[in-house]
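Chains as they are written, first to last, in this note's numbering: chain P, 182 to 564; chain V, 182 to 564; chain G, 182 to 564; chain W, 182 to 564.
Protein chains: 4
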Amino acid sequence: MGDTLVEELKNPLEVAAPLAKRMLAWTLGNPHELRLDQKQIPVPDRSEVLIRIDAVAVCATDLEVIAQGPPALINGTLPFNQGFTPGHEYMGTVAALGPGVDEYKVGERVAVEIHSGCGQCKRCRSGMYTSCTNYGQNYGEHDKRHRANGFTTNGGFAQYAVNHVNTLVRVPDDMSDEVAALAVTAGTSMYGFIELGGLLAGEKVVVIGPGPIGLLAVGVAKALGAAPVILVGTRENRLGLGKRLGADHLVNAKLCDAVEAVRSLTDGKGVDYVMDCAGTEETINQAILMCSRGGKICLAAFPHGRVGIDLGHAVMNNIYLYGIRGEGKSAVARAIALMAAKRFDATLIHTHTFGLAELPKAIQYARERIDGAIKVVVKPHLL
Amino acid sequence: MGDTLVEELKNPLEVAAPLAKRMLAWTLGNPHELRLDQKQIPVPDRSEVLIRIDAVAVCATDLEVIAQGPPALINGTLPFNQGFTPGHEYMGTVAALGPGVDEYKVGERVAVEIHSGCGQCKRCRSGMYTSCTNYGQNYGEHDKRHRANGFTTNGGFAQYAVNHVNTLVRVPDDMSDEVAALAVTAGTSMYGFIELGGLLAGEKVVVIGPGPIGLLAVGVAKALGAAPVILVGTRENRLGLGKRLGADHLVNAKLCDAVEAVRSLTDGKGVDYVMDCAGTEETINQAILMCSRGGKICLAAFPHGRVGIDLGHAVMNNIYLYGIRGEGKSAVARAIALMAAKRFDATLIHTHTFGLAELPKAIQYARERIDGAIKVVVKPHLL
Amino acid sequence: MGDTLVEELKNPLEVAAPLAKRMLAWTLGNPHELRLDQKQIPVPDRSEVLIRIDAVAVCATDLEVIAQGPPALINGTLPFNQGFTPGHEYMGTVAALGPGVDEYKVGERVAVEIHSGCGQCKRCRSGMYTSCTNYGQNYGEHDKRHRANGFTTNGGFAQYAVNHVNTLVRVPDDMSDEVAALAVTAGTSMYGFIELGGLLAGEKVVVIGPGPIGLLAVGVAKALGAAPVILVGTRENRLGLGKRLGADHLVNAKLCDAVEAVRSLTDGKGVDYVMDCAGTEETINQAILMCSRGGKICLAAFPHGRVGIDLGHAVMNNIYLYGIRGEGKSAVARAIALMAAKRFDATLIHTHTFGLAELPKAIQYARERIDGAIKVVVKPHLL
Amino acid sequence: MGDTLVEELKNPLEVAAPLAKRMLAWTLGNPHELRLDQKQIPVPDRSEVLIRIDAVAVCATDLEVIAQGPPALINGTLPFNQGFTPGHEYMGTVAALGPGVDEYKVGERVAVEIHSGCGQCKRCRSGMYTSCTNYGQNYGEHDKRHRANGFTTNGGFAQYAVNHVNTLVRVPDDMSDEVAALAVTAGTSMYGFIELGGLLAGEKVVVIGPGPIGLLAVGVAKALGAAPVILVGTRENRLGLGKRLGADHLVNAKLCDAVEAVRSLTDGKGVDYVMDCAGTEETINQAILMCSRGGKICLAAFPHGRVGIDLGHAVMNNIYLYGIRGEGKSAVARAIALMAAKRFDATLIHTHTFGLAELPKAIQYARERIDGAIKVVVKPHLL
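So this is what it looks like as structure tokens:
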């Protein structure tokens, strides 16, 4: 498998010739089925760019897509999207430019944002492209050109993908492929803080949940000058990583009352901002109680269905909750700027690397946290 | 009762003489007990003003204060605050000026905001005086000079009250006392819209709950140019009032699926802003489902304890929830500007007027909605 | 001239057939030359709409375009744009839809914004489409699809024009064509106030310069609740119109010291916001001195070249100056919402109407203010 | 002189006893006269704190105060303020607490902001305390309790000063007195960036003028993630310091066209933000031309009187100018957070230290840049 195909792809500049070349790509079969197929290399349309995928990280939401199909299908209006290629946390090299693109050159290394809005709904017109009201309208006569690669349009578990030029961010020469693939994660953390107001210098911040987004949220918060940054979690090794990413205080919620711990670290007043990356009934309620009056909470994760929340406490204390979706407001570009300046070491959360053919194993490592796995990266060139 | 006292008070300019004069004031006895007492007329300190109360409206939260004591006591650290005077929605006439006040003159008519912050906590320093972190720190050695008249400091069910100069707003000559007393309510609605971004012209708005705040929220939203404004409620007479206050569409949630109704009025996309003035588990979940992607919700009322909320839908759709407290950001001044320009007719929600001695009856009318009561006003001069 | 052509155009639904139909359009010859030509009716591309022009107003900047060619040419890199059709303040009826457009239907009446950004520069991605950094990049290999109809792409002194769907705003049935054509002007005023913060209720506002933008700025400011609104000008008839549009105070700068007058109307403190629609050295300096500490100034007009400005006073008093371009942030949609609610009477500034063939006369009226002309409208159907 | 006095002051806790103790303080005589006097140690009033001055830096505006008297007098309504003590960039140790202060303890080290607003004007109520409309109303019957130590109330060229509690920021143990005294300067830079939007990560920034505010602006911009940061100046040694503070590019405006240089460093588009710390006609015009469309300029310095500015270019390009006054929005606290995290090395701009008696020499060094002087610090304990 693969050798001939790889041979064909050696000159990525050729790929724009319609229908000429094929690539390897993982595709959805039935729910929970993922198989390595050959697909035509996609051709970039106006304002689009063909990316040769150099690294793609496995994210928890990939597992949901593989189990349920892309979000656009969750409402059940379409059959399960067989042939769809998931994978949204990737980076690569510009391989070809569509019409109207001169912002990049072939050969440049780029990280990506997931979302490109339709450009003509109310939210897109105001810069809120991750809140595009035409989300998932990508196909046939309903194609509004919304793109969320790996969710509603083909993603990065493949050798190539097409991205809207707006989703690209240049990668500095001295940043590794693996780290650049984490820029989407860091961008999500960054987006959360942007929406909370963006001014963290001198502010008190709690991050709940030391998963990838939470750990990088610690790095971003410290980079923006927050003090103190308190990380709340339950696993000591993850908390230890948080320490290395800059957390000033660690709170193990298994060993103490996390709310009390945060309050005692803040003269009883609570913090200015809570970034909840755990998204459980318990952590959301903790977040509300950890806030000072007038504080703000970013919900970067969420429970399914209704959960019991003490919103009365939030109202009584003028607390605002921001349920964020994605990595809008150019947050990936901002995150990469901080990463390029080496303000935090994202490599700390990269634990494993596999070749493209090993994606199932990579997913297993990520899901089961085998060997302490946090971020597992697949490099398509390592077939 | 009263005659001599009233005589004494004829010249309000005399009241600054310490301990010289007395007034009538309702005070808390034990929980649920309210009695008409004589108290010394308070003396305005630096930056404070003595107000002769001309009209004071009954609010649902007054009932809570009468039952439970001021919020500062809810934590149980103090005995029930006997002697405290509730009442927070009032207006009156400047009767005396404390040191350092030259912004007003004796004899001017003023409406009030409830909150005056300590001025030296982080929130107050940034203009968020209703989120003062020294809320309720008013007494003895812990006096941080936070003031929330009718909640933590003496309020307006009396002939006189002392207000911080920051809480005053001039009342136009052609605005009645009764309407000016509703400025606090309109200010709360206004504050909600300020926090949602303030720019309503051309935006789609839902108001849930046609109580006083909800009805005036309809008036404020229309005044700011929102289109359409959809009012959701369950009582036809209240909905009818909403229509007269400017609502473009009425949705009776008893007769239809309110979420579906709102979606069908908005091309299936939902609205930009929801102001929830009902504050139940059901209405908060409706609010989340009525929002378009990227929409915002103001929680102007709230349930007690934990309620089952579908926050996942909010996160998936980048929806933000603003739990507001009070009437900050000079919202009462803004609301009065709209009322002075006759942009909405607040008199529509004023239904009954009583004298000071009739406060228990006024409360009963408000609580039991006797005779269609919405806003019941007490005029202390009508003893 | 014209009869046959008009016949051909009777069914606007046919126009999408390429090259099939022709229309009448005014076009640039040499500088200062404008002639009525036949042109092919343009075909809407993806996300575009063909508009049958029903009314187009003459604006002072049209005169500059006719004299100098479109702004993109001012840098001298291209020859004078012969064949270009100016005219940017128009409204009309949807005549055909390009691919990907289902937001409008053929036959709907629409007002327009001037600018549609490239959608892929930094400013466009953040919602600042009037500040598109690819401004004027519309042609040939440099086509970035920026559109500023009447400035850099063909405009509305014609029977038809093509607009990006993002530039359209629905017109209510009871709003006349003439008034809807003024929505761009009102939108510019609105955009200025949006950029100043958008919250005018209860704020003190000065508008300098009772030209069309200034007069509608008075209307918009009052509609948003500003109090007082002070209009400063030099012509009594224009000031009188300002009064009818809602100005609380009129200051004739020929008859008094305008700065002193504004200060005396504001207790010596100055106002919160100044909208300068005159744009002279004198008025900008007046604006700075009319502001209170912490005040803000919108520059909606401007002088050419360097002028002597007392920026030191601005810095000493923490005053900000916002030089606005166009009508961004969906300001036309917001303005139309206020106009639809009849918050101000834009018909007051519409003074004359001509047919398409009379454009030169319409321009003369507007330029020379013949017969008290303020806004002169051309209706292409009145050939 | 001095020895006995110093003896008296050994126990700073005793100073609150009224009239009991005296201190050394430099005071204004006639214009340009400064003399070392004995004064009573001031007693902190409500919400105030007595600070033992440990370090005070000389600022260019001190020279103006010494020449002209405090700003409040510039209007000529009062005689030159003999006996006034200038000096506003200081830090020290809490020596006594006034009533109502429990936020600090005696013995804590604190840096200061200059401004404390009246707390009851419109600007103060909205958190804009540096734009207090009662600026300079500090004395006699007009005392509105505005405080700008070193400008309108006694400052830090003395052994002690009284500060409003709101102006204090804790100093970390490992930050030297000299550096903490520079926090006001860094706070001014920080305030500028806050007003420009606060989100610098990934944004392009120019700083013009490598004086103390400009050099620390480079440090703050890099700390917040700006990339690139371009420093424009004329002296190579100062540019070199800018490099050490993090500037990515240096532009010597004597050796090239600074506008062209900035444009060539930014693909011809210009930068997002310009911080002008030079404040000349030339640099302000450069700033306007260095901005991209939609860019923003902070004027942190200013020329006197009218200067020729090309505001037309600003309006045509939707450029905003922010004339900032002071160090509002808790900017000193934010700056100290970045300094505490060692994001930039403020010690680079501290060049000389003198004792209190040597203030005239310190001023001479600062004014004449003797021996490469940038920031000259006086330490009152080094008599």
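Note that CB positions come from ideal geometry on N, CA and C, so glycine has one too.
- Residue-level contact check: V559 (chain P) does not touch chain V, since none of the beta carbons of chain V fall below 8 Å from its beta carbon.
- Residues of the stretch 332 to 349 of chain P with a C-beta less than 9 Å from any C-beta of chain G: H345, V346 and N347, listed in chain order.
- Among the residues facing chain P, G383 (chain W) is included, as its CB has a counterpart in that chain under 8 Å away.
- Distance from the CA atom of D235 (chain V) to the CA atom of L446 (chain G), rounded to whole angstroms, is 29 Å.
- Residues are counted here when their Cβ sits less than 7 Å from a Cβ of chain P; for the stretch 291 to 307 of chain G these are G300, Q301, R306 and S307, given in chain order.
- Around I375 (chain P), the beta-carbon contacts reaching into chain W at under 7 Å are L380.
- For the pair A238 (chain V) and V287 (chain V), the Cα-to-Cα distance works out to about 23 Å.
- Residue pairing from DSSP places I389 (chain G) in a beta bridge opposite G:V413 and G:D457.
- Between L529 (chain V) and L426 (chain V), the CB-CB gap stays under 8 Å.
- Exposure of Y320 (chain P) is indicated by the presence of fewer than 16 other C-beta atoms within 10 angstroms of its C-beta.
- Below the 9 Å Cβ cutoff, chain V contributes G281 and D283 as neighbours of K325 (chain W), in chain order.
- Linking D355 (chain P) to A522 (chain P) through their CA atoms gives a straight-line distance of about 11 Å.
- Contiguous beta strand (DSSP E) elements confined to the stretch 463 to 536 of chain W occur at 472 to 480, 488 to 490, 501 to 504 and 531 to 536, taking only those with 3 or more residues.
- For P393 (chain W), no chain G residue has a C-beta closer than 9 Å to its own C-beta; the minimum C-beta separation is roughly 17 Å.
- Cβ contact annotation for G414 (chain G) (same chain, cutoff 6 Å, sequence separation greater than five): P391 and L420, in chain order.
- For the pair of segments examined, the stretch 485 to 498 of chain G was found to touch the stretch 484 to 491 of chain W: the number of CB pairs separated by less than 8 Å reaches three.
- R506 (chain V) belongs to the set of residues whose beta carbon lies under 8 Å from a beta carbon in chain P.
- The beta-bridge partner set that DSSP reports for E229 (chain G) consists of G:H345.
- Closest in alpha carbon position to V455 (chain W), among W:L480, W:F332 and W:C313, is W:L480.
- Non-local C-beta neighbours of R548 (chain W) in its own chain, meaning closer than 7 Å and more than five positions away in sequence, comprise L244, ordered along the chain.
- Three or more Cβ pairs closer than 8 Å define a contact, and the stretch 374 to 386 of chain W falls short of that threshold against the stretch 457 to 465 of chain W.
- For C437 (chain P), the number of other beta carbons within 10 angstroms of its own is below 16, and it is reported as exposed.
- The contact set of C313 (chain G) on chain W, defined by CB atoms closer than 9 Å, consists of R474 and G475 in chain order.
- Think of a sphere of 9 Å around the beta carbon of S445 (chain W): no beta carbon from chain V falls inside it, the nearest being about 38 Å out.
- Just measuring C-alpha positions, the residue of V:I505, V:K220, V:T369 and V:R550 sitting nearest G336 (chain V) is V:K220.
- Exposure of R216 (chain W) is indicated by the presence of fewer than 16 other C-beta atoms within 10 angstroms of its C-beta.
- If you keep only unbroken alpha helix (DSSP H) runs of at least 4 residues inside the stretch 282 to 357 of chain P, you get 303 to 306.
- Distance between C240 (chain V) and G308 (chain V), taken at the CA atoms: about 26 Å.
- Those residues of the stretch 222 to 233 of chain G placed with their C-beta closer than 7 Å to a C-beta in chain P are S228, ordered along the chain.
- Contact between I389 (chain W) and C458 (chain W) is confirmed by a C-beta separation of about 6 Å, below the 8 Å threshold.
- For V239 (chain W), there is no enclosing beta strand (DSSP E), as DSSP marks it with neither H nor E.
- Around the beta carbon of G423 (chain V), a 10 Å sphere encloses 16 or more other beta carbons of the protein chains shown; the residue is thus reported as buried.
- Closest in alpha carbon position to D453 (chain V), among V:K477, V:R306, V:I469 and V:A276, is V:K477.
- When beta bridges are read from the DSSP output, T366 (chain G) appears opposite no residue.
- DSSP, reduced to helix, strand and coil, places G423 (chain G) within a helical segment of the structure shown.
- Chain V places no beta carbon closer than 8 Å to that of L363 (chain G), leaving this residue out of the contacts.
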